[in-house]
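**Q** Residue numbers (the working numbering), protein chains in the order written: chain L, 3 to 327; chain A, 3 to 327.
We put the CB at the ideal spot given by N, CA and C, even for glycine.
The structure presented is a predicted model; accordingly, all values stated were derived computationally and were not measured.
Number of protein chains: 2
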Amino acid sequence: MEKSHDLPQVLLLKPPLDMELFGQDRFSSDKFRFLKAWESPLPLDQFLQAHAQSVQAILVSGGIPVTAETIRLLPALKMLMTTGAGLNHIDMAECRRRGIAVANAGSVPSEDVADLAVGLLIDVLRKVTASDRYVRRGLWITNGDFTLGSKVGGKRVGIVGLGNIGSLVAKRLEAFGCCISYNSRKQKPSVSYPFYSNVRELAANSDVLIICCGLTDQTHHMINKEVLSALGKEGVIVNIGRGAIIDEQELVRCLVHGEIKGAGLDVFEKEPDVPKELFKLDNVVLSPHCANLTGETFNDRQKYVVANLEAFFSNKPLLSTVVDD
Amino acid sequence: MEKSHDLPQVLLLKPPLDMELFGQDRFSSDKFRFLKAWESPLPLDQFLQAHAQSVQAILVSGGIPVTAETIRLLPALKMLMTTGAGLNHIDMAECRRRGIAVANAGSVPSEDVADLAVGLLIDVLRKVTASDRYVRRGLWITNGDFTLGSKVGGKRVGIVGLGNIGSLVAKRLEAFGCCISYNSRKQKPSVSYPFYSNVRELAANSDVLIICCGLTDQTHHMINKEVLSALGKEGVIVNIGRGAIIDEQELVRCLVHGEIKGAGLDVFEKEPDVPKELFKLDNVVLSPHCANLTGETFNDRQKYVVANLEAFFSNKPLLSTVVDD
């Protein structure tokens with residue numbers, strides 16, 4: 003075994019969420035060691051310049067931006083690993099230009115994310131969170147039965163982005179008797195669900211929209227006033243993608259004025275800031291971006307991250323890289 | 003068409019929940035009319051004696067008891083219709099002795115009940131209601147990420163009572179990658195899930211118990227200290243059956259002391275009274291007995307109730323009667 007200081011270094015700009023929660027030991031390896039930018043007294047740019055020739059790999063998590071400026075300060079960088087699914091914190095154009103391999107947690111957290119999407123949908127339709135508040139406030143005794151919910155089965159569910167996560171959401175909701183259709187960049191030849199090339203048309207033909215796509219320049223504010231209006235007064239929206247895929251200000255307006263029926267939101271435009279107007283509403287469920295936060299998936303993900311970095315330093319193929327088409 | 007006062011009468015002891023919510027018109031028929039005990043100034047026993055020879059059918063909903071005393075005052079009674087699924091408010095022994103046909107809403111509300119069971123399970127495992135409270139209290143900003151949830155997939159789910167509802171719960175949870183086994187009065191030859199004749203053994207081999215059976219003398223407090231202890235510290239319980247199937251005092255003690263991990267409860271022993279100790283807990287979801295309360299199912303149920311009563315008065319076979327074995 004090489005001595006620890008001979009090992010190649012994986013740059014950490016800030017502590018990734020997984021390490022903050024579980025400590026660094028679970029990420030240790032005899033193939034690499036971590037270089038922690040935040041432990042240095044140097045300003046970040048000087049720190050990066052000092053290690054410019056040695057840093058071949060970076061590890062980050064969702065909230066940690068990797069800008070073009072950072073990448074330009076690291077001429078030896080060849081691999082960027084992010085522990086989440088989203089890529090919107092990474093300057094993908096610069097990575098492509100430089101030929102840097104970008105890897106995310108792949109499909110490891112997809113089941114968890116799909117589970118929460120279904121949980122949020124059942125919750126909004128069947129008013130689980132709202133009725134729990136009702137019971138805890140003692141209102142069941144004083145005010146009698148809670149208001150009726152809406153049935154899950156038979157709902158026309160439009161899935162926006164039928165990748166890993168979207169497909170798992172569809173599989174689950176089929177078991178509830180929902181009717182699935184979808185929108186995505188291209189029609190999927192292997193899928194029999196009806197395809198809508200236009201998200202407004204999907205919304206017009208759906209009782210529920212579930213946002214499962216990534217955030218890109220193309221999907222930013224894709225769910226706008228027009229789409230929400232097509233979804234309509236009886237429509238429900240669930241977002242487990244990224245907050246900025248929806249025009250949040252418009253969504254809040256629609257929810258407050260009853261122009262759509264309800265929403266289950268795990269993501270927001272300015273996390274951890276959540277629009278205060280939503281706090282008073284019974285027809286929304288607010289989840290603090292935790293669609294992939296289960297103990298089981300953290301375990302799997304930690305193993306996957308280490309295995310991917312070890313593959314990189316052993317010149318083996320990565321377990322997965324991001325296809326950014 | 004016969005004149006209204008010539009029509010046979012359906013006795014209502016109290017307004018059934020469905021009528022309270024939607025009015026009586028939706029239950030009207032040209033085959034029968036309603037006889038409303040609560041509108042008479044007479045005490046109930048005298049009122050029943052006055053109509054003893056004419057009442058052939060009664061319509062009730064879940065919270066309205068039909069005792070042996072009531073049944074004995076109605077010698078002409080031949081049919082009893084209840085709008086819910088449960089039968090614990092009806093003296094079934096007396097009905098059997100007298101050969102009175104008992105009909106419930108059959109499988110009409112089963113999907114709704116199964117949907118809520120799954121919703122409560124996802125909620126407890128993924129902490130949906132607890133994290134919604136966290137966001138609404140502004141704690142995401144001040145305290146950072148919420149605690150990790152537990153993955154739905156891979157959980158060993160023990161279903162107690164594999165009838166209509168239990169089977170629909172199993173079908174849904176298979177789509178999430180759960181491993182199903184069950185306990186019921188008898189093993190079902192058509193079912194391939196592992197069967198446990200003993201509910202304590204089922205609990206010992208499960209991460210989750212979902213109570214889907216009816217309340218009878220045999221199932222009263224069936225989920226006792228021994229069963230909860232077999233389920234264990236990491237175990238979760240969901241109850242969409244009836245409150246008294248679980249020894250509620252023991253359940254509360256286990257939840258307060260962390261002897262089981264969490265619970266999703268739609269039913270309680272003394273509804274609408276919910277043990278106050280539960281109000282402070284983040285590991286429980288409290289639902290005000292609304293597993294079958296959706297607008298869609300109320301519609302279907304109302305049609306089903308009217309059709310069943312019309313079948314009775316037309317001497318046609320009932321759409322369903324309760325098999326009480």
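Closest to Gly237/A by C-alpha separation, out of Gly266/A, Cys214/A, Cys215/A, Gly245/A, would be which residue?
**A** Here residue 237/A corresponds to residue number 235 of the second sequence, with the count starting at 1. Closest option to Gly237/A, Cα to Cα, is Gly266/A.
**Q** Please state if the CB of Ala103/A and the CB of Met81/A are separated by a distance shorter than 7 Å.
**A** One-based indexing of the second sequence puts residue 81/A at position 79. One-based indexing of the second sequence puts residue 103/A at position 101. In contact: Met81/A and Ala103/A (Cβ atoms closer than 7 Å).
**Q** Interface residues of chain A around Ile143/L at Cβ under 8 Å?
**A** Here residue 143/L refers to the residue found at position 141 when the first sequence is read from its first residue. What Ile143/L touches in chain A: Pro274, Asp275.
**Q** Tell me the DSSP secondary structure of Asp275/L in three-state form.
**A** Counting from one through the first sequence, the residue named residue 275/L turns up at place 273. In this structure, Asp275/L counts as strand in the three-state DSSP scheme.
**Q** Buried or exposed: Glu4/A, going by 16 or more other Cβ atoms within 10 Å of its Cβ?
**A** Stepping through the second sequence from its first residue, residue 4/A is reached at position 2. Caution applies to Glu4/A, whose pLDDT of 49 falls short of 50 and renders its modelled position unreliable; the value that the coordinates give is listed next. Label assigned to Glu4/A: exposed.
**Q** Output yes if chain A places a C-beta closer than 7 Å to the C-beta of Thr131/L; else output no.
**A** Taking the first sequence and counting its residues from 1, one reaches residue 131/L at position 129. Cβ-Cβ to chain A under 7 Å: yes for Thr131/L.
**Q** Grab the span of the beta strand (DSSP E) containing Thr84/A for me, first residue to last.
**A** Your numbering for residue 84/A matches position 82 in the second sequence. Counting along the chain, the beta strand (DSSP E) containing Thr84/A begins and ends at 81–84.
**Q** At 3 residues or longer, and completely inside the region 149–203 of chain L: list those beta strand (DSSP E) runs for me, N to C.
**A** List check, beta strand (DSSP E) in window: 158–162, 181–185.
**Q** Once DSSP output is grouped into helix, strand and coil, what is the label at Phe300/A?
**A** Along the second sequence, read from residue 1 onward, the residue named residue 300/A stands at position 298. Three-state DSSP puts Phe300/A in a helix.
**Q** Which same chain residues, not among the five before or five after Ser56/A, have their C-beta less than 7 Å away from its C-beta?
**A** Counting from 1 along the second sequence, the entry for residue 56/A is found at position 54. So the qualifying residues of the chain are Gln11, Ala78.
**Q** Quick one: using the 10 Å Cβ neighbour count with 16 as the cut-off for buried, is Thr69/L buried or exposed?
**A** Residue numbering aside, residue 69/L sits at position 67 when the first sequence is read from its first letter. Thr69/L is exposed by the Cβ-count criterion.
**Q** Does chain L have any CB closer than 7 Å to the CB of Ile242/A?
**A** Along the second sequence, read from residue 1 onward, the residue named residue 242/A stands at position 240. Closer than 7 Å: no.
**Q** In the DSSP assignment, find the beta strand (DSSP E) that holds Asn241/L and state where it starts and stops.
**A** Translated into the one-based positions of the first sequence, residue 241/L becomes position 239. Note, Asn241/L: beta strand (DSSP E), 238–241.
**Q** Got a sec? Which residues, its chain only, sit under 7 Å from Val229/L by beta carbon, not counting five neighbours each side?
**A** As a working note, residue 229/L is residue 227 in the first sequence. Correct list, in chain order: Val201, Arg202, Ala205.
**Q** List the residues of chain A that Lys173/L touches, going by C-beta distances under 8 Å, in chain order.
**A** As a first step, residue 173/L is located in the first sequence; it is residue number 171 there, counting from the start. Ala177, listed in chain order.
**Q** Return the chain-ordered list of same chain residues with a C-beta closer than 8 Å to the C-beta of Leu233/L, the five sequence neighbours on each side being excluded.
**A** For the purposes of this step, residue 233/L is taken as residue 231 along the first sequence, with counting starting at 1. The residues are Ala205, Ala206, Ser208, Leu211, Ile239, Ile262.
**Q** Just to confirm the assignment: which complete beta strand (DSSP E) runs, minimum length 3, are found wholly within the region 245–292 of chain A?
**A** Counting whole runs of 3 or more residues, the region 245–292 of chain A contains the beta strand (DSSP E) stretches 264–267, 286–288.
**Q** Go through its chain and collect everything with a Cβ distance to Leu150/L's Cβ below 7 Å, but skip five positions before and after it.
**A** Residue 150/L sits at position 148 when you count from the first residue of the first sequence. Contacts found: none.
**Q** Taking only beta-carbon positions, decide if Arg158/L is within less than 7 Å of chain A.
**A** On the first sequence, position 156 is the one that residue 158/L refers to. No - not a single Cβ of chain A is within 7 Å of the one on Arg158/L.
**Q** Taking 7 Å as the threshold (C-beta atoms), are Leu61/L and Lys38/L in contact?
**A** As a working mapping, residue 38/L is identified with position 36 in the first sequence. As a working mapping, residue 61/L is identified with position 59 in the first sequence. Not a contact, by the Cβ cut-off of 7 Å.
**Q** Can you tell me the Cα-Cα spacing of Pro274/A and Pro290/A, whole angstroms?
**A** Counting from 1 along the second sequence, the entry for residue 274/A is found at position 272. Counting from 1 along the second sequence, the entry for residue 290/A is found at position 288. Looking at the two C-alpha atoms, the distance is approximately 7 Å.
**Q** Quick one: list the residues of chain L neighbouring Lys153/A, beta-carbon separation under 8 Å, in chain order.
**A** Position 151 of the second sequence, counted from the first residue, corresponds to residue 153/A. Correct list: Glu113, Asp114, Asp117, Thr296, Gly297, Glu298, Thr299.
**Q** Find the residues of chain A that neighbour Tyr136/L, judging by a C-beta separation of less than 7 Å, and give them in chain order.
**A** Taking the first sequence and counting its residues from 1, one reaches residue 136/L at position 134. Residues of chain A passing the Cβ test: Pro290.
**Q** Can you grab the Cα-Cα spacing for the pair Cys292/A / Asp268/A, in whole Å?
**A** In the second sequence, the residue the question calls residue 292/A occupies position 290. In the second sequence, the residue the question calls residue 268/A occupies position 266. Distance between the alpha carbons of Cys292/A and Asp268/A: 7 Å.
**Q** Shortest alpha-carbon distance to Arg187/A belongs to which of Pro45/A, Asp219/A, Ile143/A, Gly260/A?
**A** By 1-based counting over the second sequence, the position of residue 187/A is 185. Closest by alpha carbon: Asp219/A.
**Q** Please report whether the beta-carbon of Asp125/A lies at a distance below 7 Å from any beta-carbon of chain L.
**A** One-based indexing of the second sequence puts residue 125/A at position 123. Answer yes: the Cβ-Cβ gap between Asp125/A and chain L drops below 7 Å somewhere.
**Q** What is the rounded straight-line gap between the Cα of Asn301/A and the Cα of Gly108/A?
**A** To locate residue 301/A, count along the second sequence from 1; it is residue 299. To locate residue 108/A, count along the second sequence from 1; it is residue 106. Their Cα atoms are separated by approximately 14 Å.
**Q** Using a threshold of 7 Å, state whether the C-beta atoms of Leu288/A and Leu257/A are closer than that.
**A** Locating residue 288/A in the second sequence gives position 286, where the first residue counts as 1. Locating residue 257/A in the second sequence gives position 255, where the first residue counts as 1. In this structure, Leu257/A does not lie closer than 7 Å to Leu288/A by Cβ.
**Q** Quick one: does Arg100/L have its CB under 7 Å from some CB of chain A?
**A** Translated into the one-based positions of the first sequence, residue 100/L becomes position 98. Judged by the 7 Å Cβ criterion, Arg100/L is not in contact with chain A.
**Q** Between Glu250/L, His259/L, Asn285/L, Gln48/L, which has its C-alpha nearest Val276/L's C-alpha?
**A** Looking up residue 276/L in the first sequence gives position 274. Measuring from the Cα of Val276/L, the nearest candidate turns out to be Glu250/L.
**Q** For Leu46/A, which residues in the same chain have their Cβ closer than 7 Å to its Cβ, ignoring the five residues on either side in sequence?
**A** If you number the second sequence from 1, residue 46/A lands on position 44. The residues are Ala39.
**Q** Under a three-way DSSP split, which group does Leu61/A fall into?
**A** As a first step, residue 61/A is located in the second sequence; it is residue number 59 there, counting from the start. Looking at Leu61/A - three-state DSSP - the assignment turns out to be strand.
**Q** Do the region 130–143 of chain L and the region 18–32 of chain A touch if we need at least three Cβ pairs shorter than 8 Å?
**A** With the cut-off at 8 Å, the region 130–143 of chain L and the region 18–32 of chain A do not touch.
**Q** Less than 8 Å between the CB atoms is what I'm expecting for Glu279/L and Val254/L, so what's the real figure, rounded?
**A** Residue numbering aside, residue 279/L sits at position 277 when the first sequence is read from its first letter. Residue numbering aside, residue 254/L sits at position 252 when the first sequence is read from its first letter. At roughly 5 Å, the Cβ-Cβ gap stays under 8 Å, so Glu279/L and Val254/L are in contact.
**Q** For Lys235/A, count the other beta carbons within 10 Å of its own beta carbon; 16 or more makes it buried, fewer makes it exposed. Which is it?
**A** Taking the second sequence and counting its residues from 1, one reaches residue 235/A at position 233. Lys235/A comes out exposed.
**Q** Report the partner residues of Val210/A according to the DSSP bridge assignment.
**A** If you number the second sequence from 1, residue 210/A lands on position 208. In DSSP, Val210/A forms a bridge with Val159/A, Val238/A.
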